[in-house]
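What follows is a short report on a single structure.
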Amino acid sequence: MTEQELRQLLKDMSLEEKVFQMVQLPGQNFDTSAAVTGYADRQDQNDPLLSQAGSTLGIFGAAKLKAIQDTYMEKQPHHIPLLFMLDVIHGYETAFPCPLGLGATFAPKIAETCAQVSAREAAAGGIHVTFSPMADLARDARWGRVMESTGEDPYLNSQMAAAMVRGFQGEDVKEPGQVASCVKHFAAYGAAAAGLDYSNVELSRHTLREYYLGAYGAAVEAGCEMVMTSFNSWNGIPCTGNPWLMKDVLRREMGFDGVLISDWGAVGEMVNHGICEDLEQAAQKAAEAGVDIDMCADAYARHLAQLVRMGKVEERTIDDAVWRILVLKNKLGLFENPYKDADEIKEKECFLCQEHRRLAREAVRKSIVLLKNAGDDTRLLPLNREKKIAFIGPYVEGEDMRSSWVVTGSAEASVSIRQAAKEVLPAQNLLFAKGCTLLDNDTILNLDEFHMDGWEEENARLLKEAAETARQADVVVLCLGEHRRQSGEATSRTQIVLPKIQRKLLHTIAQVNDQVVSVIFSGRPLELREVSQYSRAVLEVWMPGTEGGHGIVDVLTGVYNPSGKLPMSFPYTVGQEPMSYSAYSTGRPKPEGMRGDYTTRYLDAPNEPLYPFGYGLSYTTFSISKPVLSSSSMTADGSITAAVTVKNTGDWEGTETLQLYLRDVTASCIRPVKELKGFCQVTLQPGKEQTVSFTVTEEMLRFHNPKEEYGSEPGLFRLWIGASSDCREYVEFELKPSGQ
Ligand code: NOJ
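Basically our numbering = 1-based index in the sequence shown + 183.
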C-alpha cells in the first residue's frame, strides 16, 4: 500500500475500529490449542473483536494461520490483516542454545544467524512478529529469566541484541524468511528486587542509564520494529504507565518510531500495582504513556473508545498508535499478502533441515564453557577414546534440552547425549546409567509440580545401578542440571544449586570413581563449588536445544575445542547476588591478597565469584602480552591503539576471546571498576602468535554524568586486554582536554 492509501485507510476507520487495532487477543480465541497461558474470554462468536482485534499471539502453523486469516479478513470491515505474534526465543522447530548460551559464544554473528534461521522457520509457520530479543541486563542469578538474556554486561548485551534484530528482520522485514523483532522488556525488568520475578525495581536514573538502557537502545538502533513494556515498576511507577520512559527516553532520546506493546496483562496489572483504581484508569494511563497495543488485558477493548468520547484520551493518541500498527502491517507486506510466508511446503522443507541442524550444532559447540580441566598430563578432557567411559545422570537421555521458552517443535527431535556418544565412541567402551531422577520429589516447577509415586525406591535403585556402572569405568561423565522449567518466566530461586538428589548422585559417584567430568545444564549461573570440588573437569552447557547431544559430545571428545566464555559471573555463593564484575568503585576497596578488615568485603565468603564474567578455558593454553599503547594520551578527536600479542602455548588449535576493559580512574561521579568495551576472537595453531589491536576512541570513554549529560571527561584511564574480566595487568593513558 502506498502511504497515501494507508492514510486514507486510517481516515476511513471508525473510532471503535481503530481501538480494536490496538487490542491483542490471546490466541485461544482463534484456536484452542494455543501455546499461551491465560484466558479465552471471547465466547460469543459474534464478538466484533474476533474479526477486528489487530493482533494475536501464541498460535502457529501455516495451514492453521492461513485459515484463521481467511475467516478473519472476510469479516474485517476494511480487510486489514491480523498480525500473528509468537515467542520465538531460541528457535522455532530447530532449537538453538538459550540466549544465555548464545551470550557465552561471544560471537554476535552466531546469534544473528540463529535468529535468521529461527525467523525462516517461524515465518514458514505463519508468524509475523517474534517477542525477541530480550535485552534486559541480568545480574541476579536468582531471577529465572536470566536464561532469556545474554547476561550481565551492557556492551555484550548490546552487541547481541542488535545482532538478533538484524537476524530476525534482515534488510527488509517484507522479504521471505524475515519476521519483525520485538525487543523487551522496557525497562530494567532484569533488576527485579532480590531476583523475584515481577517485583519492583529501584534504580537511580544514573544507574538505569549507565547499565540498563544501552542494550534496548542498540536494538532500536538496529531497527527493531517493536518494543515491549515490562511488568515491573521502576522507582514507584509501573513501566507500562510511565510516559517519561516510553515517550522521553524510548521515543525521543532513542528515536524509536515503531509499535510499543505492553507485556501480557501489564496494562491491567497497574490496578494491582495500586496506581490505577480500575481497568478504565489503567487503559487511560497506558495510552497516555504511549502504549500502542494492549496485550491481553482487555483494558483498551473495554474502555479506550469511551475514554476518547469522554475527552480523557485524545483521538490523536489513538490515530498515532493505529498509524504505527498499520505501518508495521504494511512493512510486512500483509496488505498484499496477508499470509506472508505461511507455507506448508516451506515448513516441511526447512523445519529441522540439515542446514539448520548444522548451525544449531555449531552454536552449541561455541556456547559451551569449560570451567575446569584439572591436571597437566592427566587432564580428563578431551576424553580418551581408548578408555571406558560411563555417561551417568538424568541428562544422558530423555530430558528435554530446550528451555521453557521453546513453545513450538518437539523434544523428540533433540539429539541426546547417549545417542551422540554412541555415534562416535567405540560401543565396547561405553556405559550408561540414569543415576537419579532429574528433580527431587517435592520440587515446585513453573506450571506443574514434579511428583512421582515410589520416588525413593526408584532413586535407590538408580543410584545403586549408577555406582556399579561408575565402578567399571575409567572416566565418568556426569550429566546434571536444572530442569528446563526451573528457569524462564516466574522461576525465581533462593537456592541456585543442583537438586538434592543430583548432589547425592555426585557424592556417591565421586566416592567410587574420582575421575569425574561434570556436564552442567542450566538456564542460570548455579553455585558450583561442590560440583567443582568433586569433579576433575566441569563443562557448562546451558539449555543447548535440539543439537545438544551432538555439540556436547563434540566438545567432550575434542572434535571441537571449547571457546565459550561466561556471560554472567558464577557466584561463589548465592549471598553475593546480584553481582557483576562491573560494579561501581567504593571508598574502601579490599586490598588484593589481604584480609581487608573494614573494607568492602564479606566475612564469610570471598568478594569474587567462583568463575568470573568472560571466563572460559580451552584445551590449549594462551599467553597474552601486556597491552602496548600507540600513545599515552589522546584528545577527544583522536584515538589510541592498544595491542597485545596472543600466543597459543599449548598443543591444540584453539580460539581465544580477547576482551578489552576500561576504567575511568577519576570522574565527576563514581565509575565501574572495569567495563567491557570490545572483544574479538582469534584462532591459532599451536605455537602460533598474533598481534591483536583495539582502537580506543573518545566515544568509548563516555558516561552519564550527575547532570545526566552523556560525554567523556578528561583524565586518567586504565586499560586491560585479557581472557576474562579477571585480567590484572593494565596500562594507563590520559584523555586530554580538547585543544591540548
Ligand atoms: C509474558 C512474558 O513476560 C513476555 O516475555 C512474553 O513475550 C509474553 N508473555 C508473551 O508470551
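A virtual CB, placed ideally from N, CA and C, is assigned to each residue, including glycine.
Quiz item: Alpha carbon to alpha carbon, what distance is there between Pro565 and Ala720?
Solution: Counted from its first residue, the sequence shown places residue 720 at position 537. Counted from its first residue, the sequence shown places residue 565 at position 382. A direct Cα-to-Cα measurement between Ala720 and Pro565 gives close to 10 Å.
Exercise. Scan the stretch 858–882 and note each continuous alpha helix (DSSP H) run of 4 residues or more that stays entirely inside, going in chain order.
Key: Entirely contained in the stretch 858–882, not one alpha helix (DSSP H) run reaches 4 residues.
Quiz item: Is it true that the CB of Val552 sits closer than 8 Å to the CB of Glu723?
Solution: Position 540 of the sequence shown, counted from the start, is the residue given in the question as residue 723. Position 369 of the sequence shown, counted from the start, is the residue given in the question as residue 552. By the CB criterion at 8 Å, Glu723 and Val552 fall inside the cutoff.
Practice problem: Kindly list the residues whose CB is nearer than 6 Å to the CB of Met317, restricted to its own chain and excluding five residues on each side of it in sequence; keep chain order. | Solution: In the sequence shown, the residue the question calls residue 317 occupies position 134. Closer than 6 Å at the Cβ level, and outside the excluded window around Met317, lie Glu331, Ser332 and Lys367.
Exercise. For Thr674, count neighbouring C-beta atoms within 10 Å of its own C-beta (all shown protein chains included) and say buried if the count is 16 or more, exposed if not.
Key: In the sequence shown, the residue the question calls residue 674 occupies position 491. It is buried - the Cβ of Thr674 has at least 16 other Cβ atoms within 10 Å.
Quiz item: What are the partner residues of Phe289, as DSSP defines its beta bridges?
Solution: Here residue 289 is taken as the residue at index 106 of the sequence shown, counted from 1. Paired residues: none, contrary to the question.
Quiz prompt | At least 3 beta-carbon pairs within less than 8 Å: the stretch 583–591 vs the stretch 601–616 | solution = The stretch 583–591 makes no contact with the stretch 601–616, as fewer than three CB pairs between them are under 8 Å.
Self-check item: DSSP three-state assignment for Pro209, whether helix, strand or coil
Solution: Locating residue 209 in the sequence shown gives position 26, where the first residue counts as 1. Three-state DSSP puts Pro209 in a strand.
Quiz item: Going straight from the alpha carbon of Arg771 to that of Ile853, what length do you get?
Solution: Taking the sequence shown and counting its residues from 1, the one referred to as residue 771 is at position 588. Taking the sequence shown and counting its residues from 1, the one referred to as residue 853 is at position 670. Distance between Arg771 and Ile853, taken at the CA atoms: about 13 Å.
Quiz item: Which residues in the same chain as Ser705 place their Cβ atom closer than 6 Å to its Cβ, once the five residues preceding and following it in sequence are excluded?
Solution: The residue you call residue 705 lines up with position 522 of the sequence shown. So the qualifying residues of the chain are Gly664 and Glu665.
Exercise. Return the residue from the list Gln537, Ile444 and Tyr785 that minimises the CA-CA distance to Arg507.
Key: Along the sequence shown, read from residue 1 onward, the residue named residue 507 stands at position 324. Selected option, being the one with the closest Cα: Ile444.
Self-check item: Ala906 classed as buried or exposed, judged by whether at least 16 other C-beta atoms fall within 10 angstroms
Solution: For the purposes of this step, residue 906 is identified with residue 723 of the sequence shown, where counting begins at 1. Taking every protein chain shown into account, the CB of Ala906 has 16 or more other CB atoms within 10 angstroms, so this residue is buried.
Practice problem: Would you grab the beta carbon distance between Val589 and Ala278 for me? Rounded to a whole angstrom, and I think it's under 8 Å. | Solution: Against the sequence shown, residue 589 aligns to sequence position 406. Against the sequence shown, residue 278 aligns to sequence position 95. Contact flag correct, Cβ pair sits at about 5 Å.
Quiz item: With respect to 7 Å, is the separation between the Cβ of Leu369 and the closest non-hydrogen atom of ligand 1 below this value?
Solution: Counting from 1 along the sequence shown, the entry for residue 369 is found at position 186. It should be pointed out that residue 369 corresponds to Phe in this sequence rather than to Leu. No, ligand 1 has no heavy atom inside 7 Å of this Cβ.
Exercise. With DSSP collapsed to three states, give me the class of Phe439.
Key: As a first step, residue 439 is located in the sequence shown; it is residue number 256 there, counting from the start. Residue state, collapsed to three classes: coil.
Practice problem: Closer than 8 Å by C-beta to Thr782: which residues in its own chain qualify, once you throw out the five before and the five after it? Chain order, please. | Solution: Indexing the sequence shown from 1 puts residue 782 at position 599. The beta carbon of Thr782 lies closer than 8 Å to those of Arg771, Pro772, Lys773 and Pro774 in the same chain, with the five residues before and after it left out.
Quiz item: Can you tell me where the beta strand (DSSP E) with Tyr381 in it begins and where it stops?
Solution: On the sequence shown, residue 381 is found 198 positions in, with the first residue counted as 1. Here Tyr381 belongs to no beta strand (DSSP E), and DSSP marks it neither H nor E.
Quiz item: In angstroms, rounded to a whole number, what distance separates the CA positions of Ile501 and Leu396?
Solution: Locating residue 501 in the sequence shown gives position 318, counting from the first residue. Locating residue 396 in the sequence shown gives position 213, counting from the first residue. Rounded to whole angstroms, Ile501 to Leu396 spans 27 Å at the Cα level.
Quiz item: Quick one: does the C-beta of Leu233 sit closer than 7 Å to a heavy atom of ligand 1?
Solution: Start at 1 with the first residue of the sequence shown, and residue 233 comes out as number 50. Not under cutoff, so the answer is no.
Exercise. Name the residue from Val660, Ser301 and Gly671 whose alpha carbon lies nearest to the alpha carbon of Arg540.
Key: One-based indexing of the sequence shown puts residue 540 at position 357. Arg540 has its Cα closest to that of Ser301, out of Val660, Ser301 and Gly671.
Practice problem: Can you give me the Cβ contacts of Ala616 inside the same chain, cut-off strictly under 6 Å, excluding the 5 residues immediately before and after it? | Solution: Here residue 616 corresponds to residue number 433 of the sequence shown, with the count starting at 1. Result list for Ala616: Ile575, Glu648, Ala649 and Thr652, in chain order.
Quiz item: Is Glu672 near ligand 1, going by C-beta to nearest heavy atom under 7 Å?
Solution: Within the sequence shown, residue 672 is the residue found at index 489, counting from 1. Under cutoff, so the answer is yes.
Exercise. Assuming Leu881 and Leu899 form a contact by the criterion Cβ under 8 Å, report the distance between their Cβ atoms to the nearest whole angstrom.
Key: The count along the sequence shown starts at 1 and reaches residue 881 at position 698. The count along the sequence shown starts at 1 and reaches residue 899 at position 716. The sequence given here has Glu at residue 881, not Leu. Not a contact, Cβ separation roughly 15 Å.
Quiz item: For Asp697, does the count of other Cβ atoms within 10 angstroms reach 16, so buried, or fall short, so exposed?
Solution: Against the sequence shown, residue 697 aligns to sequence position 514. Answer is exposed; the Cβ neighbour count stays below 16.
Quiz item: Can you find at least 3 beta carbon pairs, one from the stretch 731–740 and one from the stretch 355–371, that sit closer than 8 Å?
Solution: With the cut-off at 8 Å, the stretch 731–740 and the stretch 355–371 do not touch.
Quiz prompt | For Cys533, the three-state DSSP class (helix, strand or coil) | solution = The count along the sequence shown starts at 1 and reaches residue 533 at position 350. If DSSP states are grouped into helix, strand and coil, Cys533 belongs with the helices.
Quiz prompt | Supposed close pair Ala346, Lys292 - CB separation, criterion 8 Å | solution = Counted from its first residue, the sequence shown places residue 346 at position 163. Counted from its first residue, the sequence shown places residue 292 at position 109. Their Cβ separation, rounded to whole angstroms, is 7 Å, which keeps Ala346 and Lys292 in contact under 8 Å.
Quiz item: So Asp503 is in the alpha helix (DSSP H); what residue range does that whole segment cover?
Solution: Indexing the sequence shown from 1 puts residue 503 at position 320. It spans Glu498 to Lys514 - the alpha helix (DSSP H) in which Asp503 sits, taken as one unbroken run.
Quiz item: Hey, would you say Glu891 sits closer than 8 Å to Arg392, going by beta carbons?
Solution: For the purposes of this step, residue 891 is taken as the residue at position 708 of the sequence shown. For the purposes of this step, residue 392 is taken as the residue at position 209 of the sequence shown. Yes, these two residues count as a Cβ contact at 8 Å.
Quiz prompt | Residues that DSSP places opposite Arg846 in a beta bridge | solution = Here residue 846 corresponds to residue number 663 of the sequence shown, with the count starting at 1. Arg846 is bridged to Arg901.
Quiz item: Is Pro231 near Gly728, with beta carbons less than 8 Å apart?
Solution: Numbered from 1 along the sequence shown, position 48 holds the residue referred to as residue 231. Numbered from 1 along the sequence shown, position 545 holds the residue referred to as residue 728. It is not a contact, given that the beta carbons lie outside the stated cut-off.
Quiz item: Regarding Phe314 and ligand 1, is the C-beta to nearest heavy atom distance less than 7 Å?
Solution: In the sequence shown, counting from the first residue as 1, residue 314 sits at position 131. Phe314: yes, Cβ under 7 Å from ligand 1.
Practice problem: Whole angstroms is fine: what's the gap from Val699's alpha carbon to Val659's? | Solution: To locate residue 699, count along the sequence shown from 1; it is residue 516. To locate residue 659, count along the sequence shown from 1; it is residue 476. Looking at the two C-alpha atoms, the distance is approximately 5 Å.
Quiz item: Can we count Asp475 as close to ligand 1, meaning its CB is less than 7 Å from some heavy atom?
Solution: Here residue 475 refers to the residue found at position 292 when the sequence shown is read from its first residue. Because no heavy atom of ligand 1 lies under 7 Å away, the Cβ of Asp475 does not count as near it: no.
Quiz item: Under a Cβ-count criterion, where at least 16 other Cβ atoms within 10 Å of its own Cβ denotes burial, should Asn973 be classed as buried or exposed?
Solution: In the structure displayed, the chain extends from 184 to 923; residue 973 sits before or after that span and is not available.
Exercise. Kindly identify the DSSP beta-bridge partner or partners of Met817.
Key: As a working mapping, residue 817 is identified with position 634 in the sequence shown. Its beta-bridge partners are Leu918.
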